[in-house]
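A quick write-up on the structure given underneath.
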Amino acid sequence: MRNFWKSENIFPVAFIALMLFAAAACDNGTDPDPVTPSETFIGTWEMTNIVMYDTPIGEMTIPAEQFLGMSGTGAAKSVLQFEQNGTVAVFTTYTDNSQDTMSGTWSVNGDDLAVSGAGIDDTVQYKVDASILTLTRVMAINFTPESPKEDIVLDMNYTRIP
Numbered sequence: 007m008r009n010f011w012k013s014e015n016i017f018p019v020a021f022i023a024l025m026l027f028a029a030a031a032c033d034n035g036t037d038p039d040p041v042t043p044s045e046t047f048i049g050t051w052e053m054t055n056i057v058m059y060d061t062p063i064g065e066m067t068i069p070a071e072q073f074l075g076m077s078g079t080g081a082a083k084s085v086l087q088f089e090q091n092g093t094v095a096v097f098t099t100y101t102d103n104s105q106d107t108m109s110g111t112w113s114v115n116g117d118d119l120a121v122s123g124a125g126i127d128d129t130v131q132y133k134v135d136a137s138i139l140t141l142t143r144v145m146a147i148n149f150t151p152e153s154p155k156e157d158i159v160l161d162m163n164y165t166r167i168p
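In the working numbering, the protein residues as written are 7 to 168.
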């Protein structure tokens with residue numbers, strides 16, 4: 007009986023096994039197209055909370071309704087709807103249950119999301135992590151009526167609405 011495990015016999019078998027493994031690892035064309043940054047936030051998002059950093063008492067997380075109430079506008083709920091065609095709508099519900107809708111446009115440059123119209127006109131950093139959209143911006147806030155406004159970095163967190 008011939009010795010199969012000699013080096014001259016192993017090399018062809020190992021080469022064939024390696025080629026079969028490589029062929030199995032190749033893309034078969036069924037993988038989905040990669041998601042581009044502008045597609046990751048397409049959809050409808052409801053504001054859930056705000057995280058403020060470096061405040062006089064440290065980091066603070068505030069529920070959206072409380073944060074919106076601090077604006078003095080009577081807003082109680084904010085929903086953003088981003089469309090693939092570059093439009094955005096902001097739906098605001100007030101404490102008296104009335105609603106307002108404002109429309110605008112959006113564009114993306116890297117991690118920056120620019121919104122024009124819709125009562126926003128701002129460029130913010132954004133990221134999407136599963137079903138959470140985070141918009142990071144700097145906002146001037148005064149923490150007491152006597153104090154001057156301070157620039158505070160904050161994350162506005164939105165949850166995707168199916």
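Think of the CB as a built atom: it goes at the ideal place given N, C-alpha and C, for glycine as much as any other residue.
Cβ neighbours of Thr140 in the same chain (closer than 6 Å, five flanking residues each side left out): In the same chain as Thr140, and ignoring 5 residues on each side of it, the C-beta atoms closer than 6 Å to its own belong to Lys133, Asp161 and Asn163, in chain order.
Status (buried if at least 16 other CB within 10 Å, exposed otherwise) for Thr98: By the neighbour-count rule (16 or more Cβ atoms within 10 Å), Thr98 is buried.
Counted within 10 angstroms of its Cβ, other Cβ atoms place Val144 as buried (16 or more) or exposed: Under this definition Val144 is an exposed residue.
Alpha-carbon spacing of Gly169 relative to Thr111, whole angstroms: With the chain running from 7 to 168 in the structure shown, residue 169 is simply not present.
Ile68 versus Tyr59: straight-line alpha-carbon distance, rounded: Ile68 and Tyr59: Cα-Cα distance of roughly 11 Å.
Gln87 - containing beta strand (DSSP E), residue span: Ala81 to Phe88 is the span of the beta strand (DSSP E), which, as asked, contains Gln87.
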